[in-house]
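Counting from 1296, one number per residue, gives the positions in the sequence shown under our numbering.
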Amino acid sequence: MRSYFSQLSLALASGLMALSMTACSQSTSAEPDAAPSSASSVAASHPQQVASSSAPSSSSVSVKSAAPSQAATRRPADIESASSMTVLVNKHNPLSPLTYAPDDLQPFGSVLLRAEAAQAAQRMFADASAAGAPMMALSGYRSYETQQGTYASWAAQYGTDQADVASARPGYSEHQTGLALDIGTGGACDLQPCFKDTAAALWAAENAHRYGFVVRYPWWHHETTGYWYESWHLRYIGLDEATALKESGFETLEDFWGAGPAPTY
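Now the structure itself:
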């Protein structure tokens, strides 16, 4: 996940931020995959920068619709334990302990994932490839120490306030659970807004739940999740929960599990 500072500047300059000043006043963000560089080429994926370039196609993720009835929400057995497959990690819910590290990590391509997630991802990648939508793993587990270094780099270069807009604090990152997987194709749209239009992203949006994964940061739900739309960021929650979420009409774990929005720390 990448920084959006340069894109925010473009949006301010063009006046598109007027579409959602309230949303922009909150520290919603996207976690970067590396420390900041002086020459970022990441394109904007903010909903305010709109529509023709960054909105998902009608065949994939839709614009936020009316919320399902409250009765449809469900809370799984455990959204608090760091080792739970259904742990909820966001700006209101850090891992406990903050330095948590899974004890069942295994290689998946060039990244590490928890064993159950890695096995599910293996099946998902094989089926996606067979369907003409090959994908690759770009990022998986990141340790507390790695995230600490990344966040410190942002803070040193831009200050704490702006670091919170660009990077998850250590202990608050889904990648630290070993259950988050960033997918790509090896192309120019990896980790970019245009990834939403790739065969891999479209296939994942429709089928990831069949393997226990969900698109964690869906379109136009930044005020709930705390992060801008990321079509590449998948989160493993298990087959039953992922299927139930897909069928519920909800799009975020916060809404589905009745945990409430977490736009800021």
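Each residue gets a CB set at the ideal place from its N, CA and C atoms; glycine is no exception.
Would you kindly report the start and end of the unbroken alpha helix (DSSP H) that includes residue i?
| i | result |
| --- | --- |
| tryptophan 1527 | Where tryptophan 1527 is concerned, there is no enclosing alpha helix (DSSP H), although the beta strand (DSSP E) it sits in stretches over 1525 to 1531. |
| histidine 1387 | No alpha helix (DSSP H) holds histidine 1387; DSSP gives it neither H nor E. |
| alanine 1494 | 1494 to 1502 |
| alanine 1539 | 1534 to 1543 |
| phenylalanine 1551 | 1548 to 1551 |
| glutamate 1518 | 1517 to 1520 |
So for residue i, helix, strand or coil by DSSP?
| i | result |
| --- | --- |
| glycine 1482 | coil |
| serine 1376 | coil |
| leucine 1474 | coil |
| arginine 1369 | coil |
| proline 1558 | coil |
Where do the N-terminal and C-terminal ends of the beta strand (DSSP E) with residue i fall, by residue?
| i | result |
| --- | --- |
| phenylalanine 1508 | 1508 to 1512 |
So residue i and residue j are in contact, right, with Cβ under 8 Å, and what is the actual spacing, rounded?
| i | j | result |
| --- | --- | --- |
| threonine 1368 | isoleucine 1532 | Wrong, their Cβ atoms sit about 15 Å apart, outside the cutoff. |
| histidine 1470 | tyrosine 1436 | 6 Å |
| phenylalanine 1403 | alanine 1413 | 4 Å |
| alanine 1274 | alanine 1495 | Only positions 1296 to 1560 of the chain appear in the structure, and residue 1274 is not among them; the question remains open. |
| tyrosine 1439 | serine 1462 | No, tyrosine 1439 and serine 1462 are not in contact; Cβ-Cβ is about 13 Å, not under 8 Å. |
| threonine 1519 | threonine 1547 | 5 Å |
| alanine 1557 | glycine 1507 | The Cβ separation is near 22 Å, so there is no contact. |
Compute the Euclidean distance between the alpha carbons of residue i and residue j, then round it to the nearest angstrom.
| i | j | result |
| --- | --- | --- |
| leucine 1474 | arginine 1530 | 6 Å |
| alanine 1425 | glycine 1482 | 19 Å |
| threonine 1441 | tryptophan 1515 | 29 Å |
| isoleucine 1478 | serine 1434 | 7 Å |
| proline 1397 | serine 1378 | 7 Å |
| leucine 1400 | histidine 1517 | 29 Å |
| histidine 1486 | leucine 1476 | The sequence given here places leucine at residue 1486; histidine does not occur at that position. Distance between the alpha carbons of leucine 1486 and leucine 1476 is about 12 Å. |
| tyrosine 1467 | leucine 1390 | 6 Å |
| alanine 1503 | valine 1509 | 6 Å |
| glutamine 1302 | proline 1488 | Note that glutamine 1302 has pLDDT 40, beneath the 50 cutoff, so the model's placement of it is unreliable and the number below is only indicative. When rounded, the distance between both Cα atoms is 11 Å. |
| asparagine 1388 | methionine 1430 | 30 Å |
| arginine 1505 | alanine 1432 | 18 Å |
| alanine 1458 | tryptophan 1449 | 5 Å |
| serine 1405 | aspartate 1550 | 32 Å |
| glycine 1553 | lysine 1491 | 27 Å |
| threonine 1493 | glutamate 1536 | 26 Å |
| arginine 1409 | threonine 1480 | 22 Å |
| threonine 1394 | glycine 1555 | 24 Å |
| histidine 1528 | leucine 1383 | 15 Å |
| tyrosine 1512 | asparagine 1385 | 11 Å |
| glycine 1444 | leucine 1534 | 33 Å |
| leucine 1407 | serine 1543 | 30 Å |
| arginine 1464 | cysteine 1484 | 26 Å |
| glutamate 1411 | arginine 1418 | 11 Å |
| phenylalanine 1545 | alanine 1500 | 14 Å |
| proline 1392 | alanine 1372 | 19 Å |
| serine 1376 | threonine 1472 | 11 Å |
| aspartate 1422 | tryptophan 1498 | 10 Å |
| leucine 1540 | threonine 1455 | 35 Å |
| alanine 1538 | alanine 1451 | Sequence check: residue 1538 is threonine here, not alanine. Taking the straight line joining both Cα atoms gives about 42 Å. |
I want to see whether chain B comes within less than 8 Å of residue i, judged by CB atoms only; does it?
| i | result |
| --- | --- |
| alanine 1416 | Protein chains in the displayed structure number just one, and chain B is not present. |
Any alpha helix (DSSP H) of 4 or more consecutive residues that is wholly inside the stretch 1392 to 1466: 1410 to 1425, 1439 to 1453, 1455 to 1461
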